[in-house]
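These notes are about the structure you will find just below.
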Amino acid sequence: LRSYTSSFDHSLAPPARLVSPTATSAANKRRIRYDPLSEFSRQGKCTGVFSHPAWRQTTSNAHYGLCGSYPSFVLVPTSIPDDVLAEAARFRSKRRHPALTWLHPRTGSNTVPSTWLHTDSSMGVGLGAPLCRSSQPKSGVLRTSSKEDRDLLWAIRDAAYPVDGRSKPSTLVHIVDCRPEINAKSNALAGKGHESAKHYDRDGIPSIAFMGIDNIHVVRASFNQLSQALYQVDDATFHSTLQKSRILAGAVEVASHLERGDAVLVHCSDGWDRTAQLCALAQLMLDPYFRTLEGFAMLVEKDWCSFGHNFAKRCGFPVSDDTSPVFQQFLDAVYQLTLQFPTYFQFNEMFLSTVADAVYSSYGTFQKNCEADRAAFLCAVPTISVWDSIRASTDMYRNPLYNTDTDDAMVPVCRVRLMQLWTSQHQKAISHMRLQQREVEMLALIRQQERDLARLRDMLSPEQHVEVKNAQLRSEIQRLARKIAIHHEPRLPLSSLSSTPSTTPDKAKLLRRLTSNVASPTHSNTPHQDASSPSLGPPPLQPVDLLRTRSGSGRMKQNLTALLTGRPHVSDLTTLRSEYQDLTRQLEAMRTIAASLDEDAHATMQQLRFQNFNTPLEEVTIGHEYARPDEGPFMLPSPLSSVPTTAHNNATMVSATLSNSYSNAIRNISLLAMTDFNQTTKGPRLHSATTSRGGNSNVQPVWESDKDAACCKQCKKKFIAVVRNRHHCRCCGYVFCGKCTSHRMSLPEFGYFELVRVCRVCFNSGSGSDEYLHDD
């Protein structure tokens, strides 16, 4: 991290009436990262003193007199005087009036308008789309309103207008209520509530959206359920509890309004829990500065510490009814963003984990519940800042994949199936759960190896450069030879079923010739030497075996070092280039054979997947020829096929699990082979089978409606209440009876990681095994 000027040292200094003579010197020694004047000047594109035509700093809260949980540095619209601001604060819960927390840099400068969402380039140069935060209004059961609060919201909306007076496509202020709508309406019984659209109508009714994010008690209960699910076998409620959280979806909606240049007001009940989550995440998505180490620290200081998140209550000991991991939930959401956008963040997972642990480590950064209480506490008890501790070892928190040129807005996918468990944080008690950080360390080692290789390549002579290329070609030829050998191993009786015209004697002859050349490679760089003559140069480079070595770059580094430290090479450049051309021709021939074999295997796996109820068995073609009905379907051998019949009857759950694992493995192989499922296939019924199953096996199936299914899709028996019920196959989506869907298998490509109900046809086409798992 870069060094900090004196402007960062006294940003949270308490007012004069709270400072004792003995504590002043201790407070001045602390180095605080966050300076509100510098941060808002950066957002408003100002230099020096904050000067903005639409926003001003109010002195009403300089000594925390207007709102004790707000910071002393508060920005409000220029057109709102302090007396109107005081009346508007009385209408809000905890006197937390709407205040500015961020100005959109792209909508407030002369830069090219963003193309992330529907931004009109004709709106002119704007003052910056404002993001404001507050608490809920005190509307009550009678839906009362306040003229001062209404004027304040209109002033916030007018602050987003272009400076040249040109009209905007949207003239609304978007009010984002983080709570569920039923909770917001029920708070009216306690004299609070939510805004009414008709009370804030001026040149257009404002947009009011309820995000449906639950309160701290539900978050605490969900976190406890998550902790229990992580260390228990039954975790069926894990994904259902995650799906209830709409934090990322709410942040995306806030960011979309800001990107269009509209003003946004975010609030929940008191404005320091869910409001902080949505505001901070929206700024992360839009402002690339907050994705850096320093920027993220300022974001936490501004939207969490300065605006009064109750760290002492939410993360305090002992656990009370106010305890809730709201800040940890925000860090988990940031972790999900780092997974979807790995090159957008300067910090890594270890940085987020360190910040999460620091909340419970008595750092002065997260002490008390608001800025006023924290400032008084730090005067009496000098502590260090967590950012100073991180700054001391910055290299371990850097993301090696970070791209400094990336300043685009992030649009995350908020589906639960794309989210991952933060195992290194939630299961840190298990020693081997910190594997993800090791991947970052491996990337750093790979980059170091690449730099070493680049320096060694610069030291090579032209002959040595050609020798290195020859060694790489030999390695690639050996890899293809192993791949072709695997194709020709007699593991499955596919020869009688997949004999295609591509398998010709010429191909076999060429294969034997090439594999024999690879088995005993002759180095043309030693034509004048025999086995008994002494070596006049360095030993030939060994081909890099990428499948057997952990690091191909490490082996290449050893070969380059051997070239540089050995004797001068005896072969001339012409001989080496001739060998290079021979190896290139061999490699091209082997690639042709490998591609042909892959196409044959791909076609065979496609034909195996065509065995469903829409394609009669007598019309299934294998190898472009129609199979005879008496041959029956093609079956892969089961791992339990050698077990006697009596053993099958007494099969244990272990054998059933083994059979299902084998079936799923074979099915995953078939899915990987079907990357081009819609290609043209001979036979009219085969094409209809392909289109009936949706064309792509990795696409979520469209479920058939129960009312449209009068009979079972397989046995054609009519459904009768109680006797014969309807069941959906999780693979194809059609309706079957219970007998035809008595099989179970996992479908990870559809999000089903446990055993789910599938029909007989999907089970057979996916596994090819006759070891079925029936219901008891």
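Using UniProt numbering, the final residue of the sequence shown is 776, and nothing's skipped along the way. No residue lacks a Cβ here, since even glycine has one placed at the ideal position from N, Cα and C.
query, result
"Using the Cα positions of G632 and N764, report the straight-line distance between them to the nearest angstrom.", "Confidence in G632 is poor, its pLDDT being 43 and thus under 50, which makes the residue's placement unreliable; the coordinate value appears in the next sentence. One C-alpha to the other measures close to 13 Å."
"Does A721 pass the burial test, meaning 16 or more other C-beta atoms within 10 Å, or should it be called exposed?", "exposed"
"M745 lies in the beta strand (DSSP E); which residues open and close that run?", "743-747"
"Using three-state DSSP, classify S422 as helix, strand or coil.", "What sits at residue 422 in the sequence shown is Trp, not Ser. Note: W422 maps to coil in three-state DSSP."
"On the DSSP letters alone, give me the boundaries of the alpha helix (DSSP H) that E294 sits inside.", "293-300"
"Which residue wins for smallest C-alpha separation from S135, given the options N61, T101, A155, R96?", "R96"
"Is DSSP giving V76 helix, strand or coil here?", "strand"
"Would you kindly check if the distance between the Cβ of V173 and the Cβ of S146 is under 9 Å?", "no"
"Is it right to say E259 is buried, meaning 16 or more other beta carbons lie within 10 angstroms of its own, or is it exposed?", "buried"
"Between which residues of its own chain and P180 is the CB-CB distance below 6 Å, once the five residues before and five after are set aside?", "G212"
"In the DSSP output, what is R92 paired with across the bridge?", "P137"
"What separation, rounded to the nearest whole angstrom, lies between the Cα atoms of H257 and A297?", "25 Å"
"DSSP on Y363, reduced to helix/strand/coil?", "coil"
"Looking only at its own chain, which residues have a Cβ that is under 7 Å from the Cβ of C414, when we skip the five neighbours before and after it?", "L248, A249, V252"
"Closer than 8 Å is the cut-off here; do at least three beta carbon pairs connect the region 53-66 with the region 343-363?", "no"
"Helix, strand or coil: which one does DSSP assign to R179?", "coil"
"Pop quiz: P400 and L352 are said to be a contact at Cβ under 8 Å. What is the actual Cβ separation, rounded to whole angstroms?", "Actually they do not touch by this definition, with Cβ atoms about 16 Å apart."
"Take V326 as the anchor and find which of T338, K313, L337 has the nearest alpha-carbon.", "K313"
"Per DSSP, which one or two residues make a beta bridge with Q57?", "L75"
"Is T107 buried or exposed, if buried means 16 or more other CB atoms sit within 10 Å of its CB?", "buried"
"Do C737 and K717 have their C-beta atoms within less than 9 Å of each other?", "yes"
"Does the separation of the CB atoms of R92 and W154 fall below 9 Å?", "no"
"A197: which of C379, N187, T365, F210 sits nearest, CA to CA?", "F210"
"Among E704, C305, A188, whose alpha-carbon lies nearest the alpha-carbon of D373?", "C305"
"Quick check on H194: buried or exposed, where buried means 16 or more other Cβ atoms within 10 Å of its Cβ?", "buried"
"Could you tell me the alpha carbon to alpha carbon distance between Y34 and S41, rounded to whole angstroms?", "13 Å"
"At what residues does the alpha helix (DSSP H) containing Y335 begin and finish?", "326-340"
"Does the beta-carbon distance from L103 to V266 come in below 9 Å?", "no"
"If you measure between the beta carbons of L100 and V84, is that distance less than 9 Å?", "no"
"What number of angstroms, rounded off, separates the C-alpha of H63 from the C-alpha of S69?", "11 Å"
"Report back the beta-carbon spacing between R730 and V761 to the nearest angstrom; my notes put them in contact at under 8 Å.", "R730 to V761, Cβ: 13 Å. No contact."
"With a threshold of 16 other CB atoms inside 10 Å of the CB of A280, please say whether the residue is buried or exposed.", "buried"
"What residues in its chain sit with their C-beta under 7 Å from that of Y402, if we drop five residues either side in the sequence?", "T343, F345, Q346"
"Any contact of the region 382-392 with the region 326-342, i.e. 3+ C-beta pairs under 8 Å?", "no"
"Taking just the CA atoms, how far does G271 sit from N310?", "11 Å"
"Quick check: the Cα distance between D151 and I80, rounded to an integer number of angstroms?", "8 Å"
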